[in-house]
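Take 1 as the starting number for the sequence shown in UniProt numbering and just add one per residue.
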Amino acid sequence: MKWNHAIKDYKLYLKIERGLSENTIENYGRDIKKLLTFLESNDISLSPIKINDETIQKFVYETAKKVNPRSQARIISGLRSFFDYLVFENYRETNPTDLIETPKVGRKLPDTLSEDEINQLISAIDLSKSQGERNRTIIETMYSCGLRVSEAVTLRISDLFFEEGFIRILGKGNKERFVPIHQQAQKYILFYIKDIRSHIDVDKKFEDTLFLNRRGKGLSRQMIFMILKDLAVKISLNKKISPHTLRHSFATHLLKRGADLRAIQQMLGHESITTTEVYVHLDNSYLKEVVEKYHPRRSS
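Have a look at this one:
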(Lines of atoms letter the chains of each structure in order from A; the text may use other names.)
(Lines give C-alpha, C1' and ligand atoms only; values in the text may rest on other atoms or scores of the structure.)
Protein backbone atom coordinates (compact mmCIF):
# COMPACT_ATOMS: atom_id res chain seq x y z
CA MET A 1 0.00 0.00 0.00
CA LYS A 2 1.32 3.43 -0.97
CA TRP A 3 1.22 6.41 1.36
CA ASN A 4 -1.12 8.51 -0.81
CA HIS A 5 -3.65 5.66 -0.99
CA ALA A 6 -3.43 5.02 2.75
CA ILE A 7 -3.89 8.71 3.59
CA LYS A 8 -6.81 9.05 1.19
CA ASP A 9 -8.59 6.01 2.68
CA TYR A 10 -7.86 7.25 6.20
CA LYS A 11 -9.34 10.69 5.51
CA LEU A 12 -12.44 9.05 4.05
CA TYR A 13 -12.74 6.96 7.22
CA LEU A 14 -12.46 10.07 9.41
CA LYS A 15 -15.17 11.80 7.40
CA ILE A 16 -17.68 8.97 7.01
CA GLU A 17 -17.12 6.75 10.04
CA ARG A 18 -16.10 9.35 12.62
CA GLY A 19 -17.95 12.35 11.21
CA LEU A 20 -15.06 14.77 11.71
CA SER A 21 -15.00 18.22 10.16
CA GLU A 22 -12.89 19.02 7.09
CA ASN A 23 -10.65 21.25 9.19
CA THR A 24 -9.96 18.47 11.73
CA ILE A 25 -9.33 15.95 8.96
CA GLU A 26 -6.80 18.29 7.34
CA ASN A 27 -5.00 18.64 10.67
CA TYR A 28 -4.68 14.86 10.91
CA GLY A 29 -3.38 14.79 7.34
CA ARG A 30 -0.72 17.40 8.11
CA ASP A 31 0.67 15.25 10.92
CA ILE A 32 1.14 12.34 8.52
CA LYS A 33 2.71 14.62 5.89
CA LYS A 34 5.30 15.70 8.47
CA LEU A 35 6.31 12.05 8.78
CA LEU A 36 6.47 11.73 4.97
CA THR A 37 8.72 14.79 4.74
CA PHE A 38 11.03 13.22 7.31
CA LEU A 39 11.17 9.93 5.37
CA GLU A 40 11.94 11.69 2.08
CA SER A 41 14.64 13.92 3.56
CA ASN A 42 16.35 10.85 5.05
CA ASP A 43 15.93 8.64 1.95
CA ILE A 44 13.82 6.15 3.87
CA SER A 45 11.54 4.23 1.50
CA LEU A 46 9.21 2.39 3.84
CA SER A 47 5.50 1.97 3.10
CA PRO A 48 2.86 2.65 5.78
CA ILE A 49 2.64 -1.11 6.22
CA LYS A 50 6.38 -1.70 6.60
CA ILE A 51 7.41 1.33 8.67
CA ASN A 52 8.62 0.30 12.13
CA ASP A 53 8.74 1.75 15.62
CA GLU A 54 12.46 2.56 15.32
CA THR A 55 11.82 4.86 12.35
CA ILE A 56 8.89 6.49 14.12
CA GLN A 57 11.08 7.03 17.18
CA LYS A 58 13.72 8.79 15.05
CA PHE A 59 11.03 11.00 13.54
CA VAL A 60 9.67 11.92 16.98
CA TYR A 61 13.20 12.69 18.20
CA GLU A 62 13.82 15.03 15.26
CA THR A 63 10.40 16.64 15.67
CA ALA A 64 11.04 17.31 19.36
CA LYS A 65 13.90 19.62 18.39
CA LYS A 66 11.60 21.83 16.33
CA VAL A 67 8.27 22.03 18.17
CA ASN A 68 7.03 22.48 21.72
CA PRO A 69 5.80 19.51 23.80
CA ARG A 70 2.15 20.30 23.11
CA SER A 71 2.66 20.23 19.32
CA GLN A 72 4.76 17.09 19.64
CA ALA A 73 1.99 15.38 21.63
CA ARG A 74 -0.55 16.33 18.97
CA ILE A 75 1.60 14.92 16.15
CA ILE A 76 2.12 11.63 18.01
CA SER A 77 -1.61 11.43 18.68
CA GLY A 78 -2.34 12.00 14.98
CA LEU A 79 0.08 9.28 13.89
CA ARG A 80 -1.27 6.89 16.50
CA SER A 81 -4.76 7.39 15.14
CA PHE A 82 -3.56 6.78 11.56
CA PHE A 83 -1.80 3.52 12.39
CA ASP A 84 -4.72 2.41 14.57
CA TYR A 85 -6.83 2.73 11.45
CA LEU A 86 -4.37 0.57 9.45
CA VAL A 87 -4.46 -2.08 12.19
CA PHE A 88 -8.26 -1.90 12.29
CA GLU A 89 -8.39 -2.50 8.51
CA ASN A 90 -5.93 -5.42 8.83
CA TYR A 91 -3.24 -3.67 6.80
CA ARG A 92 -0.88 -3.99 9.77
CA GLU A 93 -0.68 -6.25 12.80
CA THR A 94 0.78 -3.69 15.19
CA ASN A 95 0.86 0.06 15.70
CA PRO A 96 4.46 1.38 15.51
CA THR A 97 3.59 4.27 17.84
CA ASP A 98 2.48 2.04 20.73
CA LEU A 99 5.85 2.29 22.49
CA ILE A 100 6.26 6.01 21.82
CA GLU A 101 5.82 8.01 24.99
CA THR A 102 3.74 11.14 24.59
CA PRO A 103 5.23 14.18 26.38
CA LYS A 104 3.21 15.36 29.33
CA VAL A 105 1.71 18.79 28.90
CA GLY A 106 -0.30 20.79 31.35
CA ARG A 107 -3.79 21.95 30.63
CA LYS A 108 -3.56 25.18 28.72
CA LEU A 109 -6.38 27.56 29.48
CA PRO A 110 -7.14 30.34 27.00
CA ASP A 111 -7.22 33.92 28.19
CA THR A 112 -10.59 35.06 29.41
CA LEU A 113 -12.06 38.53 29.34
CA SER A 114 -13.89 40.13 32.22
CA GLU A 115 -17.45 41.32 31.70
CA ASP A 116 -16.15 44.88 31.71
CA GLU A 117 -13.57 44.06 29.01
CA ILE A 118 -16.29 42.50 26.86
CA ASN A 119 -18.30 45.72 27.23
CA GLN A 120 -15.26 47.81 26.34
CA LEU A 121 -14.65 45.80 23.16
CA ILE A 122 -18.23 46.23 22.01
CA SER A 123 -18.31 49.92 22.94
CA ALA A 124 -15.18 50.51 20.85
CA ILE A 125 -16.95 49.49 17.63
CA ASP A 126 -17.63 52.38 15.26
CA LEU A 127 -21.39 52.09 14.68
CA SER A 128 -21.39 54.93 12.15
CA LYS A 129 -20.22 52.38 9.60
CA SER A 130 -22.36 49.51 8.31
CA GLN A 131 -19.56 47.08 9.10
CA GLY A 132 -19.71 48.37 12.66
CA GLU A 133 -23.29 47.21 13.12
CA ARG A 134 -22.36 43.86 11.62
CA ASN A 135 -19.29 43.50 13.82
CA ARG A 136 -21.23 44.33 16.98
CA THR A 137 -23.82 41.73 16.04
CA ILE A 138 -21.15 39.11 15.42
CA ILE A 139 -19.42 39.68 18.75
CA GLU A 140 -22.71 39.83 20.66
CA THR A 141 -23.84 36.57 19.05
CA MET A 142 -20.58 34.72 19.65
CA TYR A 143 -20.35 35.86 23.26
CA SER A 144 -24.05 35.35 23.96
CA CYS A 145 -24.09 31.78 22.60
CA GLY A 146 -20.51 30.59 23.13
CA LEU A 147 -19.96 29.94 19.42
CA ARG A 148 -16.81 28.73 17.73
CA VAL A 149 -15.64 31.10 14.99
CA SER A 150 -16.43 28.44 12.36
CA GLU A 151 -19.98 28.23 13.73
CA ALA A 152 -20.42 32.00 13.59
CA VAL A 153 -19.31 32.42 9.97
CA THR A 154 -21.55 29.54 8.80
CA LEU A 155 -24.62 30.57 10.82
CA ARG A 156 -27.68 30.75 8.56
CA ILE A 157 -30.81 32.84 8.71
CA SER A 158 -32.79 29.59 8.62
CA ASP A 159 -30.99 28.59 11.86
CA LEU A 160 -32.68 31.39 13.80
CA PHE A 161 -35.66 30.33 15.91
CA PHE A 162 -36.30 33.51 17.84
CA GLU A 163 -39.89 32.70 18.80
CA GLU A 164 -38.54 29.70 20.69
CA GLY A 165 -35.47 31.65 21.87
CA PHE A 166 -32.88 29.35 20.22
CA ILE A 167 -30.45 29.19 17.33
CA ARG A 168 -29.44 25.97 15.61
CA ILE A 169 -25.71 25.30 15.40
CA LEU A 170 -23.91 22.79 13.22
CA GLY A 171 -20.78 22.08 15.24
CA LYS A 172 -17.77 19.80 14.98
CA GLY A 173 -18.43 16.58 13.12
CA ASN A 174 -21.65 18.09 11.72
CA LYS A 175 -23.30 17.58 15.11
CA GLU A 176 -26.39 19.70 15.56
CA ARG A 177 -27.28 21.48 18.78
CA PHE A 178 -29.73 24.19 19.81
CA VAL A 179 -28.37 27.06 21.89
CA PRO A 180 -30.45 29.65 23.77
CA ILE A 181 -30.03 33.22 22.58
CA HIS A 182 -31.14 36.14 24.73
CA GLN A 183 -33.25 39.08 23.55
CA GLN A 184 -30.37 41.57 23.38
CA ALA A 185 -28.52 39.46 20.81
CA GLN A 186 -31.79 38.79 18.96
CA LYS A 187 -32.41 42.54 18.75
CA TYR A 188 -28.99 43.18 17.19
CA ILE A 189 -29.42 40.34 14.68
CA LEU A 190 -32.86 41.52 13.58
CA PHE A 191 -31.59 45.09 13.19
CA TYR A 192 -28.60 43.88 11.16
CA ILE A 193 -30.82 41.80 8.86
CA LYS A 194 -33.35 44.58 8.31
CA ASP A 195 -31.16 47.70 8.14
CA ILE A 196 -27.74 46.46 6.99
CA ARG A 197 -27.87 43.09 5.28
CA SER A 198 -30.95 44.04 3.22
CA HIS A 199 -28.87 46.70 1.42
CA ILE A 200 -26.15 44.25 0.33
CA ASP A 201 -26.12 42.68 -3.12
CA VAL A 202 -26.03 39.09 -1.87
CA ASP A 203 -24.23 36.37 -3.83
CA LYS A 204 -26.68 33.56 -4.61
CA LYS A 205 -24.45 31.02 -2.84
CA PHE A 206 -24.77 32.98 0.40
CA GLU A 207 -28.46 33.93 0.39
CA ASP A 208 -29.05 32.05 3.66
CA THR A 209 -25.73 33.00 5.30
CA LEU A 210 -26.31 35.47 8.12
CA PHE A 211 -23.06 37.45 8.27
CA LEU A 212 -21.76 38.82 4.96
CA ASN A 213 -18.91 40.97 3.71
CA ARG A 214 -19.36 44.02 1.47
CA ARG A 215 -19.43 41.85 -1.64
CA GLY A 216 -22.33 39.78 -0.36
CA LYS A 217 -20.28 36.71 0.44
CA GLY A 218 -19.61 34.88 3.68
CA LEU A 219 -16.92 36.02 6.08
CA SER A 220 -13.71 34.10 6.64
CA ARG A 221 -12.54 33.05 10.09
CA GLN A 222 -9.49 35.26 9.61
CA MET A 223 -11.78 38.27 9.21
CA ILE A 224 -13.26 37.69 12.66
CA PHE A 225 -9.74 37.40 14.08
CA MET A 226 -8.83 40.76 12.56
CA ILE A 227 -11.98 42.45 13.85
CA LEU A 228 -11.19 41.39 17.41
CA LYS A 229 -7.50 42.19 17.09
CA ASP A 230 -8.23 45.73 15.92
CA LEU A 231 -10.70 46.29 18.76
CA ALA A 232 -8.21 44.97 21.32
CA VAL A 233 -5.62 47.47 20.06
CA LYS A 234 -8.23 50.23 20.13
CA ILE A 235 -8.95 49.74 23.85
CA SER A 236 -5.28 48.97 24.69
CA LEU A 237 -6.19 45.50 25.90
CA ASN A 238 -3.05 43.85 27.23
CA LYS A 239 -4.17 40.32 26.38
CA LYS A 240 -3.73 38.07 23.40
CA ILE A 241 -7.28 37.33 22.32
CA SER A 242 -9.00 35.43 19.55
CA PRO A 243 -12.61 34.53 18.70
CA HIS A 244 -12.21 31.56 21.02
CA THR A 245 -11.66 33.99 23.90
CA LEU A 246 -15.30 35.03 23.58
CA ARG A 247 -16.37 31.39 23.82
CA HIS A 248 -14.24 30.79 26.89
CA SER A 249 -15.48 34.00 28.50
CA PHE A 250 -19.09 32.96 27.82
CA ALA A 251 -18.57 29.70 29.74
CA THR A 252 -16.60 31.30 32.56
CA HIS A 253 -19.11 34.08 33.16
CA LEU A 254 -22.06 31.69 33.17
CA LEU A 255 -20.35 29.41 35.67
CA LYS A 256 -19.43 32.27 37.99
CA ARG A 257 -23.05 33.39 37.97
CA GLY A 258 -24.19 29.95 39.07
CA ALA A 259 -24.85 28.05 35.83
CA ASP A 260 -24.61 24.26 35.93
CA LEU A 261 -21.50 22.80 34.31
CA ARG A 262 -23.59 20.19 32.45
CA ALA A 263 -25.76 22.92 30.95
CA ILE A 264 -22.65 24.78 29.80
CA GLN A 265 -21.33 21.53 28.30
CA GLN A 266 -24.49 21.17 26.21
CA MET A 267 -24.40 24.77 25.02
CA LEU A 268 -20.73 24.52 24.03
CA GLY A 269 -21.36 21.22 22.25
CA HIS A 270 -18.72 19.25 24.15
CA GLU A 271 -19.03 15.47 24.13
CA SER A 272 -17.10 15.14 27.39
CA ILE A 273 -17.58 17.13 30.58
CA THR A 274 -13.78 16.98 30.96
CA THR A 275 -13.42 19.21 27.89
CA THR A 276 -15.76 21.74 29.43
CA GLU A 277 -13.75 21.74 32.65
CA VAL A 278 -10.64 22.66 30.67
CA TYR A 279 -12.38 25.62 29.04
CA VAL A 280 -14.04 26.84 32.20
CA HIS A 281 -11.41 28.47 34.37
CA LEU A 282 -12.29 28.36 38.06
CA ASP A 283 -10.42 30.78 40.25
CA ASN A 284 -9.92 30.18 43.95
CA SER A 285 -12.21 33.00 45.03
CA TYR A 286 -15.10 31.47 43.13
CA LEU A 287 -14.49 28.01 44.57
CA LYS A 288 -14.44 29.52 48.04
CA GLU A 289 -17.78 31.23 47.38
CA VAL A 290 -19.31 27.93 46.21
CA VAL A 291 -18.25 26.12 49.39
CA GLU A 292 -19.43 28.93 51.65
CA LYS A 293 -22.79 29.08 49.90
CA TYR A 294 -23.61 25.42 49.33
CA HIS A 295 -21.69 23.24 51.80
CA PRO A 296 -24.03 21.75 54.46
CA ARG A 297 -21.45 22.45 57.19
CA ARG A 298 -21.04 26.14 56.34
CA SER A 299 -21.50 28.54 59.21
CA SER A 300 -25.00 29.97 59.39
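For every residue, glycine included, the Cβ atom is placed at its ideal position computed from N, Cα and C.
- With contacts defined as CB atoms closer than 8 Å, R80 and T97 qualify as a contacting pair.
- Under DSSP, the beta-bridge partners assigned to F161 are F166.
- Contact between the segment 181 to 195 and the segment 126 to 137 is present: 3 or more CB-CB pairs across the two stretches fall below 8 Å.
- For E176, the enclosing beta strand (DSSP E) has its first and last residue at E176 to P180.
- Here R214 is exposed. Its C-beta has fewer than 16 other C-beta atoms within 10 Å.
- Where E133 is concerned, the enclosing alpha helix (DSSP H) starts and stops at S130 to C145.
- Here V60 is near I76, since their CB atoms are less than 8 Å apart.
- Residue ranges of uninterrupted alpha helix (DSSP H) with 4 or more members, entirely inside the UniProt domain "Core-binding (CB)" (1 to 87) and ordered along the chain, are 3 to 16, 22 to 41 and 53 to 64.
- Where T245 is concerned, the enclosing alpha helix (DSSP H) starts and stops at P243 to K256.
- Distances from the alpha-carbon of S150 to those of Q222, L261 and R30 put Q222 closest.
- By the C-beta density criterion, V233 is exposed, having fewer than 16 other C-beta atoms within 10 angstroms.
- When only Cα atoms are considered, S45 and L127 end up about 60 Å apart.
- Bounds of any alpha helix (DSSP H) do not take in L237, whose DSSP letter is neither H nor E.
- In this structure the segment 5 to 25 does not touch the segment 51 to 69; the number of beta carbon pairs closer than 8 Å is below three.
- Cβ contact annotation for F178 (same chain, cutoff 6 Å, sequence separation greater than five): F166 and R168, in chain order.
- In this structure, the alpha-carbon of T37 lies about 36 Å from that of H248.
- Exclusion of the five residues before and after P48 leaves M1, W3, A6 and L86 as the residues of its chain whose Cβ lies within less than 7 Å of its Cβ.
- Classified as buried, M142 has 16 or more neighbouring CB atoms from the shown chains inside 10 Å of its CB.
- In this structure, L231 lies away from L113, with their beta-carbon atoms at least 8 Å apart.
- Per DSSP, the beta-bridge partners of L212 are G218.
- Just so you know, the alpha carbons of E54 and S220 end up roughly 42 Å apart.
- In the displayed model, R148 falls within coil according to three-state DSSP, outside both helix and strand.
- CA-to-CA, the gap between D116 and N174 works out to about 34 Å.
- Only residues of its own chain outside the window of five on either side were considered, and among them I200, D201, V202 and D203 have a CB closer than 6 Å to the CB of G216, listed in chain order.
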